[in-house]
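What follows is a short report on a single structure.
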């Protein structure tokens, strides 16, 4: 199960990396509309960073929990 979770996290980061690169990012590279008072492109980049933080946090918590269980 740990191997599956690790691969899932790696896949998530690859998708996030590709979403931040050309040709995906230019689609979202706009000033308008404003989301929560900030330009959309800044919101998009911030959302990607927040998603990576949540992914790492979930993986860390899952990894700690799986280490406590007997094998």
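In the numbering used here, the protein residues as written are 197 to 267. For glycine and all other residues, C-beta sits at the position ideal for the given N, C-alpha and C.
Given residue i as reference, the closest of the options once Cα atoms are compared
| i | options | result |
| --- | --- | --- |
| residue 171 | 241, 215 and 255 | With the chain covering only 197 through 267, there is no way to say anything about residue 171. |
Inter-residue spacing [alpha-carbon to alpha-carbon] between residue i and residue j
| i | j | result |
| --- | --- | --- |
| residue 206 | residue 218 | 20 Å |
| residue 211 | residue 231 | 23 Å |
| residue 238 | residue 253 | 22 Å |
| residue 204 | residue 233 | 33 Å |
| residue 248 | residue 209 | 7 Å |
| residue 199 | residue 261 | 15 Å |
| residue 214 | residue 244 | 11 Å |
| residue 221 | residue 250 | 21 Å |
Residues near residue i in its chain [Cβ-Cβ closer than 8 Å; skip 5 each side]
| i | result |
| --- | --- |
| residue 235 | 226, 227 and 228 |
Residues near residue i by beta carbon distance below 7 Å, same chain, minus five either side
| i | result |
| --- | --- |
| residue 201 | 255 and 258 |
Nonlocal neighbours in the same chain, by C-beta distance under 6 Å from residue i, ignoring five residues either side
| i | result |
| --- | --- |
| residue 246 | none |
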